[in-house]
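Trainee: Residue numbers (my numbering): 857 to 1333.
Pasting a structure below so you can have a look.
Here it is in structure tokens:
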């Protein structure tokens, strides 16, 4: 068989809840439940606000806002509250928050749908399957080596360039790779997602958090990169080790033979895959050079879809049908992104976000630098559930935590680390993160399955982060 080779592998049934996806609550139900909790918090918590200058919080400016907590507001609207006062979010406001969330997240939602349609064309043409066959053939079935290489490359792109939404384009390829090797969508998604989150955890030169967080504390942008490089290496080793353990536990053993095709790609498939590779390279360059947002990215994906359709051999109608079919697969999951934004809108309308920030900061001690850095880290972990935006959390928390760090003996660079670690770890699992939900939607993985899978690694990273922060305080970083 000159055109085929064999690689020994097997698919072993999952033996642990922590690593095996199982059917659970519908993720829409989970997010709606969280939305109701957010609405309840607007009754239970005080409302308050910080003064802001150019979108940045002014430290020490927090003031409580008077709020009428009577149940008569249950069917009222926050828009009816007098100026300078707050009201709890009622039923009408909760319902209106959902379409408002869909509108706020429209750019991300449509981008995910377009990517789904583009890969519908690629899959229908057979280019994805053919390319993955040759990739597996090139590594001679060495899946573990392939995973180490891919995760390292993805993490480097994330930690140096801040790539995140740009990787949405690669998720369908990773999912198909996992399927080809007899594993679940979740494994393919995790290979990329864990690597991206590792990159953001340390952010060696990631411009998204550092260009906001460091200047707010009087630090040169990208300073302290040496220490963050060390921490990046530690997180990456543990992330890769966890992924390899999962694959060995639930994916591979040398018993069952899986064949792969090593013949040359057809000209059509080769051209389509080259368009994808060049397109990804161009996307990375354009995103970092011109700071493209969702609208520009979506337009770019539409252009790539047209090029791929022209080369697919499916014809105009066939390519259109494949595009629509690809969109349908992730249509329902894309709605989750809008519901996640609705949660943030509900908390904003009830004016409790700043109150939560003030409450979390007030528990941080100033007498012991080790206890202070631990309190700062925990506050960032919890705050990220309500403010999953990396830049948004930096703008809110850094002006407040900076002075606390100075009073408690925590260095400015270590204060930035508490933000990076807290934001990065919570973003691995929080259902309020639009980017994470976009990843899940693109891979067609439910949030509940993902949460069960990633929770052990989240706990490991929390322990590692605490040890690293204590080390940073010890050396005076």
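All C-beta atoms in this analysis are idealised placements derived from N, C-alpha and C, irrespective of residue type, glycine included.
Quick check on residue 1210: buried or exposed, where buried means 16 or more other Cβ atoms within 10 Å of its Cβ?
Mentor: Taking the chain shown and counting its residues from 1, the one referred to as residue 1210 is at position 354. Under this definition residue 1210 is a buried residue.
Trainee: Taking only the alpha-carbon atoms, compute the straight-line gap between residue 1166 and residue 1075 and give it to the nearest angstrom.
Mentor: On the chain shown, residue 1166 is found 310 positions in, with the first residue counted as 1. On the chain shown, residue 1075 is found 219 positions in, with the first residue counted as 1. Near 50 Å, if we compare the C-alpha coordinates of residue 1075 and residue 1166.
Trainee: Can you tell me which of 992, 913 and 1008 puts its alpha carbon nearest to the alpha carbon of residue 1038?
Mentor: In the chain shown, counting from the first residue as 1, residue 1038 sits at position 182. It is 992 whose Cα lies nearest to the Cα of residue 1038.
Trainee: Give me the residue from 1063, 1204, 921 and 1235 with the minimum Cα distance to residue 1143.
Mentor: Residue 1143 sits at position 287 when you count from the first residue of the chain shown. Closest by alpha carbon: 1063.
Trainee: Measure the Cβ-Cβ separation of residue 1193 and residue 1293 and say whether it is below 8 Å.
Mentor: Position 337 of the chain shown holds residue 1193. Position 437 of the chain shown holds residue 1293. Cβ distance < 8 Å, so residue 1193 and residue 1293 count as in contact.
Trainee: According to DSSP, residue 942 sits in a beta bridge with which residue or residues?
Mentor: On the chain shown, position 86 is the one that residue 942 refers to. According to DSSP, which records beta bridges pairwise, residue 942 is partnered with 923.
Trainee: Would you mind giving the Cβ-Cβ distance between residue 933 and residue 916, rounded to the nearest angstrom? I have them listed as a contact below 8 Å.
Mentor: Here residue 933 refers to the residue found at position 77 when the chain shown is read from its first residue. Here residue 916 refers to the residue found at position 60 when the chain shown is read from its first residue. 32 Å between Cβ atoms; not a contact.
Trainee: What would DSSP say about residue 1286, mapped onto helix, strand or coil?
Mentor: As a position in the chain shown, residue 1286 is number 430, starting the count at 1. If DSSP states are grouped into helix, strand and coil, residue 1286 belongs with coil.
Trainee: Label residue 1268 either buried or exposed according to how many other C-beta atoms from any shown protein chain fall within 10 Å of its C-beta, with 16 as the threshold for buried.
Mentor: By one-based count along the chain shown, residue 1268 stands at place 412. Classification for residue 1268: buried.
Trainee: Expressed to the nearest angstrom, what Euclidean distance is found between the alpha-carbon atoms of residue 1026 and residue 975?
Mentor: The residue you call residue 1026 lines up with position 170 of the chain shown. The residue you call residue 975 lines up with position 119 of the chain shown. Each residue's alpha carbon lies about 10 Å from the other.
Trainee: Taking CB distances under 8 Å as the criterion, tell me whether residue 1122 reaches chain C.
Mentor: The structure shown contains no chain C; it is built from a single protein chain.
Trainee: Which of the three DSSP states, helix, strand or coil, is assigned to residue 1086?
Mentor: In the chain shown, counting from the first residue as 1, residue 1086 sits at position 230. Here residue 1086 sits in helix by DSSP.
Trainee: Quick one, are the C-beta atoms of residue 1274 and residue 1242 less than 8 Å apart?
Mentor: Working through the chain shown from its first residue, we reach residue 1274 at position 418. Working through the chain shown from its first residue, we reach residue 1242 at position 386. For residue 1274 and residue 1242, no; Cβs fall outside 8 Å.
Trainee: Under the three-state reduction of DSSP, which class applies to residue 1122: helix, strand or coil?
Mentor: Taking the chain shown and counting its residues from 1, the one referred to as residue 1122 is at position 266. Note: residue 1122 maps to coil in three-state DSSP.
Trainee: Confirm, please, whether the CB-CB distance from residue 963 to residue 1151 is below 8 Å.
Mentor: Reading the chain shown from its first residue, position 295 is the one you call residue 1151. Reading the chain shown from its first residue, position 107 is the one you call residue 963. For residue 1151 and residue 963, yes; Cβs fall inside 8 Å.
Trainee: Which parts of the region 961-1036 are runs of the beta strand (DSSP E), unbroken and 3 residues or longer, counting only runs that do not cross its ends?
Mentor: Here no run is fully enclosed.
Trainee: Roughly how many whole angstroms lie between the Cα atoms of residue 955 and residue 894?
Mentor: Translated into the one-based positions of the chain shown, residue 955 becomes position 99. Translated into the one-based positions of the chain shown, residue 894 becomes position 38. Cα to Cα, residue 955 sits roughly 16 Å from residue 894.
Trainee: Can you give the Cα-Cα distance for residue 1258 and residue 1036, rounded to whole angstroms?
Mentor: In the chain shown, counting from the first residue as 1, residue 1258 sits at position 402. In the chain shown, counting from the first residue as 1, residue 1036 sits at position 180. Computed Cα separation, rounded: 49 Å.
Trainee: Using a 10 Å radius around the Cβ and a threshold of 16 neighbouring Cβ atoms, would you call residue 1188 buried or exposed?
Mentor: By one-based count along the chain shown, residue 1188 stands at place 332. Looking at its Cβ environment, which holds fewer than 16 other Cβ atoms inside 10 Å, residue 1188 is exposed.
Trainee: For residue 844, which three-state DSSP category applies?
Mentor: Residue 844 lies beyond the residue range present for the chain, which begins at 857 and ends at 1333; the question has no answer from this structure.
Trainee: Per the contact definition of three or more C-beta pairs closer than 8 Å, is the region 1134-1143 in contact with the region 995-1009?
Mentor: No, the region 995-1009 is not in contact with the region 1134-1143.
Trainee: Any chance the region 967-986 sits against the region 1304-1322, with 3 or more Cβ pairs inside 8 Å?
Mentor: Contact between the region 967-986 and the region 1304-1322 is absent, because fewer than three Cβ pairs lie under 8 Å.
Trainee: Which residue's Cα is closest to the Cα of residue 1092: 1047, 1078 and 1066?
Mentor: As a first step, residue 1092 is located in the chain shown; it is residue number 236 there, counting from the start. Cα-wise, what sits closest to residue 1092 is 1047.
Trainee: Would you tell me roughly how many angstroms separate the C-alpha atoms of residue 1083 and residue 1070, rounded to the nearest one?
Mentor: Here residue 1083 refers to the residue found at position 227 when the chain shown is read from its first residue. Here residue 1070 refers to the residue found at position 214 when the chain shown is read from its first residue. Rounded to the nearest angstrom, the two C-alpha atoms are 15 Å apart.
Trainee: Please report the distance separating the alpha-carbon of residue 1237 from that of residue 979.
Mentor: The count along the chain shown starts at 1 and reaches residue 1237 at position 381. The count along the chain shown starts at 1 and reaches residue 979 at position 123. Straight-line Cα distance between these residues: approximately 39 Å.
Trainee: Answer with buried or exposed for residue 910, where buried requires no fewer than 16 other C-beta atoms within 10 angstroms of its C-beta.
Mentor: Along the chain shown, read from residue 1 onward, the residue named residue 910 stands at position 54. Exposed: under 16 other Cβ atoms inside 10 Å.
Trainee: Where does the unbroken alpha helix (DSSP H) through residue 896 begin, and where does it stop?
Mentor: Numbered from 1 along the chain shown, position 40 holds the residue referred to as residue 896. First-last of the alpha helix (DSSP H) with residue 896: 883-900.
Trainee: Since residue 1057 and residue 1280 are thought to touch, with beta carbons under 8 Å apart, how far apart are those beta carbons, to the nearest angstrom?
Mentor: Taking the chain shown and counting its residues from 1, the one referred to as residue 1057 is at position 201. Taking the chain shown and counting its residues from 1, the one referred to as residue 1280 is at position 424. Contact flag correct, Cβ pair sits at about 4 Å.
Trainee: Using a 10 Å radius around the Cβ and a threshold of 16 neighbouring Cβ atoms, would you call residue 919 buried or exposed?
Mentor: Within the chain shown, numbered from 1, the residue matching residue 919 stands at position 63. So residue 919 counts as exposed.
Trainee: Where does the unbroken beta strand (DSSP E) through residue 905 begin, and where does it stop?
Mentor: Working through the chain shown from its first residue, we reach residue 905 at position 49. It spans 903-905 - the beta strand (DSSP E) in which residue 905 sits, taken as one unbroken run.
Trainee: Please give the ranges of any alpha helix (DSSP H) in the region 1134-1212, keeping only runs that are unbroken, at least 4 residues long and fully inside the region.
Mentor: Those alpha helix (DSSP H) runs which fall completely within the region 1134-1212 and span 4+ residues are 1150-1168 and 1171-1205.
Trainee: Is the beta carbon of residue 1090 less than 8 Å from the beta carbon of residue 1043?
Mentor: Within the chain shown, numbered from 1, the residue matching residue 1090 stands at position 234. Within the chain shown, numbered from 1, the residue matching residue 1043 stands at position 187. No, Cβ-Cβ distance for residue 1090 and residue 1043 is not below 8 Å.
Trainee: Cβ-heavy atom distance between residue 925 and the ligand GTP below 7 Å?
Mentor: As far as ligands go, the structure on display features none, and thus does not contain the ligand GTP.
Trainee: With DSSP as the reference, label residue 1315 as helix, strand or coil.
Mentor: If you number the chain shown from 1, residue 1315 lands on position 459. The answer is helix: DSSP assigns residue 1315 an H, G or I state.
Trainee: In angstroms with no decimal places, state the Cα-to-Cα distance between residue 1239 and residue 1029.
Mentor: Walking along the chain shown from the start, residue 1239 turns up at place 383. Walking along the chain shown from the start, residue 1029 turns up at place 173. Spanning the two alpha carbons is a distance of roughly 33 Å.
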